[in-house]
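Peer 1: Mind looking over this structure? Questions follow.
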């Protein structure tokens, strides 16, 4: 019986550990915060073992290729004032509710990211930019001169169905993937094209399918995605 | 008994914190059905719905609505090899919507075959007249 009580108490402690999330990060400790704070939710190194169940238990998206993925200026601003990038949460299914005329997301349950001050944000961004994919992202893969954003919009919204999972404007598009309406500020073009070409290179079990897009489609969709969130789009 | 109850409550709460939804495997002890249900939740339910009724969270802007896998009559007309082809190669390969992507880069051949069996289980097509 004592064993049962200890088990119950342990379960409670584990639950509390899951429930308590930091609300702010101390600027002075930023040098080690990337490892101590961010690593509690995000993979900062490529996981040795990738499984479907890892996607169900991880608490935040992988950051082990953050330096290839993000623009530093966006990181610095976002870390100080985080917004919801994944409308369905880290794993959309956990927040999905059956309904009519369709399933919905329990937005109140979607995880919130803690905010940090400006000094910490800059330090964290500097460290995140050092995390590279190890060759998955090719510098110069996106050719702006050959990208036709208007054709890209047609492919994104109609022909290739990207909009089924991603929002191209607030409230326009699906909920299981990250929103892309500020992708032009958030993401690096060479990462967008590499991920779109083969998402399973980054995680063999991620729920974005490989769409076997042609090179012209990859270029034009990337051109469109990179135009989102920019004033001169 | 009370202590045992407290212990069980803790375990249930732990499990609940990780898995919000129960897989749609009611009435089956088959581990392959359970495994396919978990894969369905991960990959298919985003469009085909958490209740397998074609009403997933991503259907808001789709020009073609996803198939209702709980529809016994509608699914009964779909041969198993066509299901496998659609999952493997995408909707376009079976003259359906190209919005249904190919899953062969994510799911193994065996997982796709098990998924076809799971769909037959979900639509109750194996017990239909």
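Protein chains in written order, with the UniProt record's numbering: chain A, 1 to 233; chain B, 1 to 129.
Don't be surprised by glycine CBs; every beta carbon is placed ideally from N, CA and C.
1) Would you kindly check if the distance between the Cβ of residue 65 (chain A) and the Cβ of residue 131 (chain A) is under 8 Å?
2) Grouping DSSP H, G and I as helix and E and B as strand, with all else coil, what is residue 156 (chain A)?
3) Terminal residues of the continuous beta strand (DSSP E) containing residue 169 (chain A)?
4) Please say whether residue 140 (chain A) and residue 62 (chain A) have beta carbons closer to each other than 8 Å?
5) With a CB to CB cut of under 7 Å and the five nearest residues on each side skipped, what residues in its chain are close to residue 199 (chain A)?
6) Sorted by chain position, which residues of the same chain lie with C-beta nearer than 8 Å to residue 203 (chain A)'s C-beta, five sequence neighbours on each side aside?
7) Whole-angstrom Cβ separation of residue 142 (chain A) and residue 83 (chain A), contact assumed at under 8 Å?
8) Start and end of the alpha helix (DSSP H) containing residue 33 (chain B)?
9) Just how far apart, CA to CA, sit residue 87 (chain A) and residue 52 (chain A)?
10) So is residue 50 (chain B) buried or exposed if we call it buried at 16+ other beta carbons inside 10 Å?
11) How about residue 55 (chain B): is its C-beta nearer than 8 Å to some C-beta of chain A?
12) Within the continuous alpha helix (DSSP H) that includes residue 126 (chain A), where are the two ends?
13) May I ask you to report which of helix, strand or coil DSSP gives residue 86 (chain B)?
14) Considering only DSSP beta bridges, list what residue 107 (chain A) is partnered with.
15) Exposed or buried, residue 66 (chain B), counting other C-beta atoms within 10 Å across all chains shown (16 or more means buried)?
16) Could you name the residues of the same chain whose beta carbon sits closer than 6 Å to that of residue 88 (chain B), not counting the 5 residues immediately before and after it, in chain order?
17) Closer than 7 Å by C-beta to residue 85 (chain A): which residues in its own chain qualify, once you throw out the five before and the five after it? Chain order, please.
18) Mind listing, in chain order, the continuous alpha helix (DSSP H) runs of no fewer than 4 residues lying wholly within the UniProt domain "Cytochrome c" (147-229) of chain A?
19) Counting Cβ pairs, one atom from each stretch, are 3 or more of them under 8 Å apart for the stretch 87-99 of chain A and the stretch 44-59 of chain B?
20) State the DSSP-derived secondary structure class of residue 261 (chain A), mapped to helix, strand or coil.
21) When DSSP labels each residue in this structure, what does residue 39 (chain A) get in the three-state scheme?
22) List the endpoints of the continuous alpha helix (DSSP H) containing residue 49 (chain A).
23) Is the CB-CB distance between residue 80 (chain B) and residue 116 (chain B) below 8 Å?
24) Take the Cβ of residue 90 (chain B) as the centre, count every other Cβ of all protein chains shown within 10 Å, and call the residue buried at 16 or more, exposed below.
25) Within its chain, find whatever has a CB closer than 6 Å to the CB of residue 149 (chain A); leave out the 5 residues flanking it on each side and keep chain order.
26) What does the alpha-carbon distance come out to for the pair residue 91 (chain A) and residue 56 (chain B)?
27) Taking the C-alpha atoms as reference points, what is the distance between residue 129 (chain A) and residue 164 (chain A)?
28) Out of A:79, A:45 and A:156, which one is the CA nearest neighbour of residue 133 (chain A)?
29) Starting from residue 112 (chain B), trace the alpha helix (DSSP H) in both directions and tell me its first and last residue.
30) Can you grab the Cα-Cα spacing for the pair residue 76 (chain B) / residue 111 (chain A), in whole Å?
31) By the 8 Å beta-carbon criterion, what residues does the stretch 97-118 of chain A contribute toward chain B?
32) I need the straight-line Cα distance from residue 61 (chain B) to residue 32 (chain A), nearest angstrom please.
33) Based on the DSSP output, what are the partners of residue 142 (chain A) in its beta bridges?
34) Give the interface partners of residue 41 (chain B) over in chain A, defined as CB-CB distance under 7 Å, in chain order.
35) Between residue 102 (chain B) and residue 212 (chain A), how many whole angstroms is the CB-CB distance? I'm expecting something under 8 Å.
36) Which two residues bound the contiguous alpha helix (DSSP H) that contains residue 76 (chain B)?
Peer 2: Reading off the structure:
1) Working through the first chain from its first residue, we reach residue 131 (chain A) at position 131. Working through the first chain from its first residue, we reach residue 65 (chain A) at position 65. Closer than 8 Å, so yes.
2) Locating residue 156 (chain A) in the first chain gives position 156, counting from the first residue. Residue 156 (chain A): helix per DSSP, three-state reduction.
3) Your numbering for residue 169 (chain A) matches position 169 in the first chain. Here the beta strand (DSSP E) through residue 169 (chain A) covers 167-169.
4) Locating residue 62 (chain A) in the first chain gives position 62, where the first residue counts as 1. Locating residue 140 (chain A) in the first chain gives position 140, where the first residue counts as 1. In this structure, residue 140 (chain A) does not lie closer than 8 Å to residue 62 (chain A) by Cβ.
5) One-based indexing of the first chain puts residue 199 (chain A) at position 199. Excluding positions up to five away in sequence, the list reads 206, 208 and 210.
6) Numbered from its first residue, the first chain carries residue 203 (chain A) at position 203. Only 50, 55 and 62 meet the Cβ criterion.
7) Stepping through the first chain from its first residue, residue 142 (chain A) is reached at position 142. Stepping through the first chain from its first residue, residue 83 (chain A) is reached at position 83. Not confirmed; about 25 Å, so no contact.
8) Position 33 of the second chain, counting from 1, holds the residue named residue 33 (chain B). Its alpha helix (DSSP H) spans residues 31-39.
9) As a first step, residue 87 (chain A) is located in the first chain; it is residue number 87 there, counting from the start. As a first step, residue 52 (chain A) is located in the first chain; it is residue number 52 there, counting from the start. Approximately 21 Å between the Cα atoms of the pair.
10) Working through the second chain from its first residue, we reach residue 50 (chain B) at position 50. When all chains shown are included, residue 50 (chain B) counts as buried.
11) Walking along the second chain from the start, residue 55 (chain B) turns up at place 55. Judged by the 8 Å Cβ criterion, residue 55 (chain B) is in contact with chain A.
12) Looking up residue 126 (chain A) in the first chain gives position 126. It spans 118-128 - the alpha helix (DSSP H) in which residue 126 (chain A) sits, taken as one unbroken run.
13) Here residue 86 (chain B) is taken as the residue at index 86 of the second chain, counted from 1. Of the three classes helix, strand and coil, the one that applies to residue 86 (chain B) here is helix, per DSSP.
14) For this step, residue 107 (chain A) is matched to residue 107 along the first chain. BP columns for residue 107 (chain A) are empty, so no partner.
15) Position 66 of the second chain holds residue 66 (chain B). Buried, since its Cβ has 16 or more Cβ neighbours within 10 Å.
16) Within the second chain, residue 88 (chain B) is the residue found at index 88, counting from 1. Once the five neighbours on either side are set aside, the close Cβ partners of residue 88 (chain B) are 104 and 112.
17) Along the first chain, read from residue 1 onward, the residue named residue 85 (chain A) stands at position 85. Hits under 7 Å: 178 and 179.
18) 149-154, 183-186, 189-197 and 215-227
19) yes
20) With chain A represented from 1 up to 233, any question about residue 261 (chain A) goes unanswered, as that position is not in the structure.
21) Residue numbering aside, residue 39 (chain A) sits at position 39 when the first chain is read from its first letter. If DSSP states are grouped into helix, strand and coil, residue 39 (chain A) belongs with the helices.
22) What you label residue 49 (chain A) is simply residue 49 of the first chain in a count that begins at 1. No alpha helix (DSSP H) contains residue 49 (chain A), which DSSP labels as neither H nor E.
23) On the second chain, position 80 is the one that residue 80 (chain B) refers to. On the second chain, position 116 is the one that residue 116 (chain B) refers to. Result yes, Cβ atoms of residue 80 (chain B) and residue 116 (chain B) sit closer than 8 Å.
24) Sequence index remark: in the second chain, residue 90 (chain B) carries index 90 (1-based). Classification of residue 90 (chain B): buried, given that the 10 Å Cβ count is 16 or more.
25) Residue numbering aside, residue 149 (chain A) sits at position 149 when the first chain is read from its first letter. Closer than 6 Å at the Cβ level, and outside the excluded window around residue 149 (chain A), lie 223, 224 and 227.
26) In the first chain, residue 91 (chain A) corresponds to position 91, counting from 1. In the second chain, residue 56 (chain B) corresponds to position 56, counting from 1. Using only the alpha carbons, I get a separation of about 14 Å.
27) Sequence index remark: in the first chain, residue 129 (chain A) carries index 129 (1-based). Sequence index remark: in the first chain, residue 164 (chain A) carries index 164 (1-based). Looking at the two C-alpha atoms, the distance is approximately 30 Å.
28) The residue given as residue 133 (chain A) occupies position 133 in the first chain. Selected option, being the one with the closest Cα: A:45.
29) Translated into positions along the second chain, residue 112 (chain B) becomes position 112. Note, residue 112 (chain B): alpha helix (DSSP H), 109-122.
30) Against the second chain, residue 76 (chain B) aligns to sequence position 76. Against the first chain, residue 111 (chain A) aligns to sequence position 111. Going from the Cα of residue 76 (chain B) to the Cα of residue 111 (chain A) covers about 40 Å.
31) 97, 98, 99, 100, 101, 102, 103, 104 and 105
32) Numbered from its first residue, the second chain carries residue 61 (chain B) at position 61. Numbered from its first residue, the first chain carries residue 32 (chain A) at position 32. So the two alpha carbons sit approximately 43 Å from each other.
33) Counted from its first residue, the first chain places residue 142 (chain A) at position 142. DSSP output for residue 142 (chain A) lists no bridge partner at all.
34) To locate residue 41 (chain B), count along the second chain from 1; it is residue 41. Per Cβ cutoff of 7 Å: 93.
35) Here residue 102 (chain B) is taken as the residue at index 102 of the second chain, counted from 1. Here residue 212 (chain A) is taken as the residue at index 212 of the first chain, counted from 1. Contact holds; Cβ gap of about 7 Å.
36) By one-based count along the second chain, residue 76 (chain B) stands at place 76. Note, residue 76 (chain B): alpha helix (DSSP H), 72-76.
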